[in-house]
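Only one structure is covered here, and it is reproduced in the block below.
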Amino acid sequence: MDHDCLIRLDGLCLQASIGIYAHEIAAPQPLEVDLRLAIDGTLAARSDDIRHTVDYDQVVDALEGLLAGRHFNLLEHLSQAMLDLLGQRFPLKRAEITLAKPLAVPKARRVSVTRSAEWKREAVKVVAL
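Here you go:
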């Protein structure tokens, strides 16, 4: 039986040093992040305990830590680095991330990249709580 729980963080606004052009390298710019994090929600659904799920604040802190003091050239590379970090730090089964640069192309609302990853995790077995 599948006990997936999909956690969504939409419209997360971060500052990032991202891009290949001089003006992008010179100063951080807004980065919009949409996340879909799939976990086994069995324990959290029964326990109502934050330790059995993904703490959103910790996700944001992890992403901000990755961006701090580091430059990335490409959204493709940054999105993979974020997926790798989230997969290492949190008990995710799957994740999808969309990164968008709203200032990248003056005639476009935004430029974005979407990537996903999947991890093999042991299923949680709940007898009784």
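Residue 129, in UniProt numbering, is where the sequence shown stops; the numbers in between run on with no holes.
Using N, Cα and C, we set each Cβ at its ideal position, and we do this for glycine too.
Since the model is a prediction, treat every value here as computed from it, not as a measurement.
Burial state of residue i (16 or more Cβ within 10 Å)
{"i": "residue 105", "result": "exposed"}
{"i": "residue 140", "result": "Residue 140 cannot be examined here, being either before or after the span of the chain that is shown, 1 to 129."}
{"i": "residue 93", "result": "buried"}
{"i": "residue 16", "result": "buried"}
{"i": "residue 11", "result": "exposed"}
{"i": "residue 108", "result": "exposed"}
Same chain, Cβ closer than 7 Å to residue i, neighbours up to 5 away in sequence not counted
{"i": "residue 14", "result": "31, 33, 63, 64, 67"}
{"i": "residue 112", "result": "98, 99, 100"}
Element boundaries [alpha helix (DSSP H), containing residue i]
{"i": "residue 100", "result": "Here residue 100 belongs to no alpha helix (DSSP H); instead the beta strand (DSSP E) covers 94-101."}
{"i": "residue 114", "result": "Looking at the DSSP string, residue 114 is not in any alpha helix (DSSP H); the run it does join, the beta strand (DSSP E), is 111-118."}
{"i": "residue 46", "result": "42-47"}
{"i": "residue 180", "result": "As displayed, the chain neither begins before 1 nor continues past 129, which places residue 180 out of reach and without an answer."}
Residue i versus residue j: straight-line alpha-carbon distance, rounded
{"i": "residue 75", "j": "residue 48", "result": "36 Å"}
{"i": "residue 57", "j": "residue 8", "result": "13 Å"}
{"i": "residue 44", "j": "residue 70", "result": "35 Å"}
{"i": "residue 86", "j": "residue 118", "result": "11 Å"}
{"i": "residue 53", "j": "residue 96", "result": "17 Å"}
{"i": "residue 79", "j": "residue 116", "result": "9 Å"}
{"i": "residue 128", "j": "residue 91", "result": "Its pLDDT being 49, under 50, residue 128 is placed unreliably in this model, and the coordinates cannot settle the point."}
{"i": "residue 46", "j": "residue 24", "result": "47 Å"}
{"i": "residue 4", "j": "residue 77", "result": "27 Å"}
{"i": "residue 110", "j": "residue 51", "result": "36 Å"}
{"i": "residue 22", "j": "residue 55", "result": "36 Å"}
Bridge partners - residue i, DSSP secondary structure assignment
{"i": "residue 7", "result": "37"}
{"i": "residue 17", "result": "71"}
{"i": "residue 31", "result": "14"}
Own chain partners of residue i with C-beta closer than 6 Å, once the 5 adjacent residues on each side are dropped
{"i": "residue 89", "result": "62"}
Residues near residue i by beta carbon distance below 8 Å, same chain, minus five either side
{"i": "residue 73", "result": "18, 19, 20"}
{"i": "residue 121", "result": "40, 91, 92, 93"}
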